[in-house]
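Okay, structure first, notes after.
Laid out in structure tokens, this is it:
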């Protein structure tokens, strides 16, 4: 701070007399006090005043002015910065941080009174004789330089608010993606719970039949298995209840603008593509950009399909998302197309089956394969649908989705 103020002190805006200058050091000092709240205005005023005093004295001595005269000429500048710091502390300007107009008014008062204090000391040393024209000039220049300070400070505030806004938006988008993923998992989890209930019931009745007709020990073993599946189901129900509550708490984001949803999805998947070191172009075409649709299901569907395309494409390629949503009622039509390797004809009838996958990691382990099966399962619960339109290797692979506009957010209502 001191180094920058000393450099700015060399820039004289106006030389009132041979010993009284209007420089840029004061605006720089004000900006530091406003921006860095941890700085003590009084201590900073003393430190800056002494630094400027020593700096000006050295320059004057180099310029062949006797040391005592140089000390006398420049000593009053210490008074200026000390008075400025004390007044800043008394007015506590930082409380008006969000209102630059008030800061500007008080800064002019601080500047003017500090200048009057310096002029009073200079007058007592017989270095200057204050006059009405001099005081008018001091006030005018205080207004002028603080006007520029406030303009610069407002730019700083604006930039800071933009950064905060972007950070909040990033956090909000991240949370939104997380909730969409939780929504997808909750639907899949509920499906597993339902299956577990059926398995428990079947095992229970099987144990009764075996006990009566065949083998009581085997019946007992099957009954124990039914109990284990039942405990498994209860654990999943507790997890599902927690997920359902989280999703319920986010009900305010249930309906969102289609462009907002696409913005979040595309940004996320571009980052995913970059992480996989793939050069992909993702293009979007939307018929009605003002459309408001269900957020979590649509985002989950888009994320799964675009993510699958990204993983399928080897190094570089393009993904096209087309949304036909001109009709405000009923359903919207989504198409996701890529130029990846496609899906072999013998696999096309199995791609929506739970557990089916063509993706394997470096150790040869398959993925869980719930992506497309989840999408199909979720959409069909709301009378929607998904189908593979065509698959031409390295030319065009296209999935078509019919997505309902009105669905229930709470996964409890899905089954």
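In our numbering, the protein residues as written are 38 to 452.
Heads up, the beta-carbon is just placed ideally off N, CA and C, and yes, glycines get one too.
Do three or more CB pairs link the stretch 299 to 308 to the stretch 258 to 275 at distances below 8 Å?
no
Cβ-based neighbour list, residue 78, same chain, cut-off 7 Å, excluding 5 preceding and 5 following
Counted from its first residue, the chain shown places residue 78 at position 41. For residue 78, where only same-chain residues beyond five positions count, the Cβ hits under 7 Å are 70, 122, 125, 126.
Going residue by residue through the stretch 288 to 312, where are the continuous alpha helix (DSSP H) segments of at least 4 residues, counting only ones entirely within it?
295 to 312
I need the DSSP call for residue 354, collapsed to helix, strand or coil.
For the purposes of this step, residue 354 is identified with residue 317 of the chain shown, where counting begins at 1. Strand at residue 354.
Residue 434 bridges to which residues according to DSSP?
Taking the chain shown and counting its residues from 1, one reaches residue 434 at position 397. Partner(s): 375, 428.
Determine the burial state of residue 442: buried for a count of at least 16 other Cβ atoms within 10 Å of its Cβ, exposed for fewer.
As a first step, residue 442 is located in the chain shown; it is residue number 405 there, counting from the start. By the 10 Å Cβ count, residue 442 comes out buried.
Using the beta-carbon count (16 or more within 10 Å), is residue 132 buried or exposed?
Against the chain shown, residue 132 aligns to sequence position 95. Exposed is the call here.
Looking only at C-alpha atoms, which of 389, 424, 341, 129 sits nearest to residue 143?
As a working note, residue 143 is residue 106 in the chain shown. If we check each option's Cα against that of residue 143, 129 comes out closest.
Is residue 402 helix, strand or coil when you go by DSSP?
Position 365 of the chain shown, counting from 1, holds the residue named residue 402. Bear in mind that the predicted position of residue 402 carries a pLDDT of just 40, short of 50, making it too unreliable to give a figure here.
Sorted by chain position, which residues of the same chain lie with C-beta nearer than 7 Å to residue 344's C-beta, five sequence neighbours on each side aside?
The residue you call residue 344 lines up with position 307 of the chain shown. The residues are 306, 309.
Counting beta carbon pairs with one atom in the stretch 79 to 87 and one in the stretch 105 to 118, are three or more of them shorter than 8 Å?
yes
Buried or exposed: residue 47, going by 16 or more other Cβ atoms within 10 Å of its Cβ?
Working through the chain shown from its first residue, we reach residue 47 at position 10. The residue is exposed, with fewer than 16 neighbouring Cβ atoms inside 10 Å.
Could you tell me the distance, in whole angstroms, from the CA atom of residue 452 to the CA atom of residue 199?
For the purposes of this step, residue 452 is taken as residue 415 along the chain shown, with counting starting at 1. For the purposes of this step, residue 199 is taken as residue 162 along the chain shown, with counting starting at 1. Confidence in residue 452 is poor, its pLDDT being 37 and thus under 50, which makes the residue's placement too unreliable to answer from.
Kindly list the residues whose CB is nearer than 6 Å to the CB of residue 5, restricted to its own chain and excluding five residues on each side of it in sequence; keep chain order.
Outside the displayed span of the chain (38 to 452) sits residue 5, for which this structure offers no information.
Identified DSSP bridge partners for residue 381:
Taking the chain shown and counting its residues from 1, the one referred to as residue 381 is at position 344. Note: residue 381 sits in no beta bridge, so no partner.
Close Cβ partners of residue 296 (< 7 Å) along its chain, the five nearest in sequence each way excluded:
To locate residue 296, count along the chain shown from 1; it is residue 259. The residues are 323, 326.
On the DSSP letters alone, give me the boundaries of the alpha helix (DSSP H) that residue 81 sits inside.
Your numbering for residue 81 matches position 44 in the chain shown. Element bounds for residue 81: 78 to 99.
Secondary structure at residue 317, three-state DSSP: helix, strand or coil?
Mapped onto the chain shown, residue 317 falls at position 280. In this structure, residue 317 counts as strand in the three-state DSSP scheme.
For the beta strand (DSSP E) holding residue 42, just list the boundary residues, first then last.
Here residue 42 is taken as the residue at index 5 of the chain shown, counted from 1. Careful: residue 42 lies outside any beta strand (DSSP E), inside the alpha helix (DSSP H) at 39 to 46.
Using a 10 Å radius around the Cβ and a threshold of 16 neighbouring Cβ atoms, would you call residue 193 buried or exposed?
Here residue 193 corresponds to residue number 156 of the chain shown, with the count starting at 1. Burial call: exposed.
Backbone CA spacing between residue 114 and residue 140 [nearest angstrom]
What you label residue 114 is simply residue 77 of the chain shown in a count that begins at 1. What you label residue 140 is simply residue 103 of the chain shown in a count that begins at 1. About 23 Å.
Grab the span of the beta strand (DSSP E) containing residue 331 for me, first residue to last.
Here residue 331 corresponds to residue number 294 of the chain shown, with the count starting at 1. Per DSSP, residue 331 belongs to the beta strand (DSSP E) from 329 to 331.
Do residue 425 and residue 369 have their C-beta atoms closer together than 8 Å?
Numbered from 1 along the chain shown, position 388 holds the residue referred to as residue 425. Numbered from 1 along the chain shown, position 332 holds the residue referred to as residue 369. Taking 8 Å as the Cβ cut-off, residue 425 and residue 369 do not qualify as a contacting pair.
How long is the line joining the alpha carbons of residue 256 and residue 208, rounded to whole angstroms?
As a working note, residue 256 is residue 219 in the chain shown. As a working note, residue 208 is residue 171 in the chain shown. One C-alpha to the other measures close to 54 Å.
Let me make sure I understand the geometry here. Which of 423, 196, 360 has the alpha-carbon closest to that of residue 386?
The count along the chain shown starts at 1 and reaches residue 386 at position 349. Closest by alpha carbon: 423.
Run the CB neighbour count on residue 155, radius 10 Å, all protein chains shown included, and call it buried at 16 or more, exposed below.
Residue 155 sits at position 118 when you count from the first residue of the chain shown. Buried is the call here.
Measure the C-alpha to C-alpha separation of residue 347 and residue 65 and round it to an integer number of angstroms.
Working through the chain shown from its first residue, we reach residue 347 at position 310. Working through the chain shown from its first residue, we reach residue 65 at position 28. Between residue 347 and residue 65, the C-alpha separation is close to 51 Å.
Cα-Cα separation, residue 186 to residue 99:
Mapped onto the chain shown, residue 186 falls at position 149. Mapped onto the chain shown, residue 99 falls at position 62. Those two C-alpha atoms are separated by around 32 Å.
With DSSP collapsed to three states, give me the class of residue 253.
As a first step, residue 253 must be located in the chain shown, where it is residue number 216. Helix.
Residues that residue 440 bridges to, as DSSP identifies them
For the purposes of this step, residue 440 is identified with residue 403 of the chain shown, where counting begins at 1. Answer is 369, bridged to residue 440.
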